[in-house]
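In the numbering used here, the protein residues as written are 4 to 339. Ideal Cβ positions, reconstructed from N, Cα and C, are used throughout, including at glycine. Read the structure below first, then the notes.
This is the structure:
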């Protein structure tokens with residue numbers, strides 16, 4: 004795991020978010036006064052406090068440029084940069100702009116995007132498709148190296164391997180769908196299920212621990228590129244960083260986007276890549292009703308190697324190995 008240099012100073016500001024849920028109508032959200040409306044009012048006050056704190060810090064620091072990555076915490080500092088006339092550079096990892104980035108874009112000096120510009124409404128004069136920076140070990144591996152990686156992980160190198168990951172916190176419906184269908188999946192493929200720490204004990208009780216075709220892990224902090232590289236198919240959420248890591252690996256991927264997140268950004272992320280034939284998408288709400296949907300898609304892919312190869316090639320076109328360098332150049336150029 005990478006560690007930051009202890010000479011890098013870190014300070015925090017107050018901030019708040021606007022709660023809005025993709026699966027609820029506007030009226031349904033307005034009726035939830037205590038859980039949505041009241042917290043939103045409180046958090047708007049926090050944004051005001053954070054703006055003042057940001058002004059004080061920027062006046063004290065006198066930076067040449069401010070760089071923000073989206074998310075509600077970036078709004079106060081971005082607004083303060085605007086007021087003080089400091090160049091502002093933003094990066095948008097998601098394929099659909101978040102609310103903070105949409106607000107700050109009008110004042111930004113430059114904008115880097117994680118997906119092609121056609122999916123954004125940013126001004127073309129200052130937006131550049133740079134991709135999303137990922138670690139350098141996320142690269143495609145040859146079939147011989149893939150078989151060796153399977154062997155190193157303790158699996159039969161000649162059998163397919165499916166890696167299922169719901170991100171750092173895991174994904175309850177994804178975990179449960181896999182656990183419910185292991186008797187159908189394991190005769191066809193080896194499986195690694197990264198459940199997330201919160202549901203690990205529950206999954207441990209529901210899944211076989213002495214079957215060489217299956218492995219349950221709570222979390223992977225190191226060696227994720229190696230594990231994903233060994234996979235023939237990856238099943239994952241549709242977070243921006245996860246997607247570009249898998250694109251860099253050119254992996255045939257089944258995305259199960261979280262439809263409950265604010266703004267439905269994972270649904271929009273998945274749609275962008277599905278439109279290009281780069282991934283397969285399984286609807287989480289349908290998966291909850293019919294867990295066998297996941298099995299059907301895995302079986303269909305394993306039976307069609309040409310489709311898997313085509314998906315991997317299409318997915319890899321979204322990889323941007325120079326994303327970090329290109330983004331750094333944009334930041335430096337904004338200062339000049």
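Which same chain residues, not among the five before or five after residue i, have their C-beta less than 6 Å away from its C-beta?
i	result
residue 70	92, 334
residue 61	83, 87
residue 153	160, 164, 233
Let me check understanding here. Comparing Cα to Cα, which of the options lies closest to residue i?
i	options	result
residue 141	248, 275, 301, 287	248
residue 312	324, 255, 339, 261	255
residue 238	275, 101, 302, 100	302
residue 316	252, 52, 57, 215	252
residue 55	85, 37, 67	85
residue 231	81, 330, 144	144
residue 180	299, 306, 158	299
residue 128	139, 112, 244	112
residue 50	68, 21, 37	21
residue 330	46, 79, 89, 95	95
residue 192	235, 200, 212	235
residue 200	218, 222, 194	222
Who are the Cβ neighbours of residue i in its own chain at under 7 Å, not counting the five residues just before and after it?
i	result
residue 130	114, 116, 120, 123
residue 326	133, 134, 135, 136
residue 246	272, 276
residue 175	202
Could you give the residue range of the alpha helix (DSSP H) that holds residue i?
i	result
residue 69	That residue, residue 69, is in no alpha helix (DSSP H); its beta strand (DSSP E) goes 69 to 71.
residue 229	227 to 233
residue 270	268 to 278
residue 334	326 to 338
Output yes if chain B places a C-beta closer than 8 Å to the C-beta of residue i; else output no.
i	result
residue 163	Absence of chain B from the displayed structure is noted, only one protein chain being present.
Rounded to whole angstroms, what is the Cα-Cα separation between residue i and residue j?
i	j	result
residue 40	residue 48	13 Å
residue 271	residue 105	16 Å
residue 185	residue 151	25 Å
residue 146	residue 267	36 Å
residue 14	residue 290	42 Å
residue 16	residue 241	29 Å
residue 103	residue 189	44 Å
residue 18	residue 108	19 Å
residue 77	residue 97	15 Å
residue 294	residue 279	26 Å
residue 12	residue 64	11 Å
residue 328	residue 31	44 Å
residue 216	residue 196	11 Å
residue 75	residue 155	42 Å
residue 42	residue 178	31 Å
residue 45	residue 52	11 Å
residue 210	residue 288	23 Å
residue 318	residue 336	30 Å
What are the boundary residues of the beta strand (DSSP E) that residue i is part of?
i	result
residue 249	Run containing residue 249: none in the beta strand (DSSP E); it sits in the alpha helix (DSSP H), 243 to 252.
residue 217	217 to 220
residue 115	113 to 116
residue 193	193 to 197
residue 164	164 to 168
residue 130	130 to 132
What residues in its chain sit with their C-beta under 8 Å from that of residue i, if we drop five residues either side in the sequence?
i	result
residue 4	Low per-residue confidence applies at residue 4: pLDDT is 41, beneath 50, and the placement is therefore not dependable enough to give any value.
residue 214	189
| query | Mind pulling the alpha helix (DSSP H) runs of 4 or more residues that sit fully within the region 48 to 105? | reply | 77 to 87
| message | What ranges does the alpha helix (DSSP H) occupy inside the region 291 to 318, keeping only unbroken runs of at least 4 residues that lie completely in it? | response | 295 to 305
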